[in-house]
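Q:
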Amino acid sequence: MDMIGFDPRGVRDKVKFILTLTRLCWTVNAFVTIAAVWLHHYAIAAVSAFSLVMSIIVSATIHKIHQAITPPKIYAKPYLEDRHGSV
4 MDMIGFDPRG VRDKVKFILT LTRLCWTVNA FVTIAAVWLH HYAIAAVSAF SLVMSIIVSA
64 TIHKIHQAIT PPKIYAKPYL EDRHGSV
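Sequence positions in the sequence shown follow my numbering and run 4 to 90.
1. Do residue 61 and residue 48 come within 9 Å of each other at the CB atom, strictly closer than that value?
2. What's the C-alpha gap between residue 31 and residue 72?
3. Using only alpha-carbon positions, find the residue among 14, 56 and 69 that is nearest to residue 36.
4. Assign residue 4 to buried or exposed, taking buried as 16 or more other Cβ atoms, counted over all protein chains shown, within 10 Å of its Cβ.
5. In whole angstroms, give me the CA-to-CA distance for residue 14 and residue 43.
6. Write down the C-beta distance between residue 58 and residue 25 rounded to the nearest angstrom, noting that I regard them as a contact closer than 8 Å.
7. Tell me whether residue 73 sits in a helix, a strand or coil according to DSSP, three-state version.
8. What is the DSSP secondary structure of residue 42, reduced to helix, strand or coil?
9. Whole angstroms are fine: how far does the CA of residue 45 sit from the CA of residue 63?
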């Protein structure tokens with residue numbers, strides 16, 4: 004795969020945005036499910052609960068794919084000397 008022009012920061016920002024939207028969907032779906040059960044609209048509650056589960060699965064899949072395609076962060080190791088000050 005040609006990595007010329009690959010922008011990991013742009014991908015990272017887009018993935019964060021998508022995951023934020025899915026978390027918002029979780030919240031809305033949870034409230035709709037609770038309200039539908041409270042109002043005894045079980046068909047709406049079932050659809051909302053199914054949507055909640057699907058959004059959690061999609062978000063987990065997006066997160067795993069993002070982990071797989073982004074290169075790992077490389078941290079510089081501190082310069083270590085031995086006891087006598089020489090390398």
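The beta carbon of each residue, even a glycine, is placed where N, CA and C say it ideally should be.
A: According to the data block:
1. In this structure, the beta-carbon distance from residue 48 to residue 61 does not fall below 9 Å.
2. 30 Å
3. 56
4. Annotation note: pLDDT 48 at residue 4 (below 50); position unreliable, no value reported.
5. Their backbone Cα atoms lie some 42 Å apart in a straight line.
6. 5 Å
7. coil
8. coil
9. Between the alpha carbons of residue 63 and residue 45 lies a gap of roughly 27 Å.
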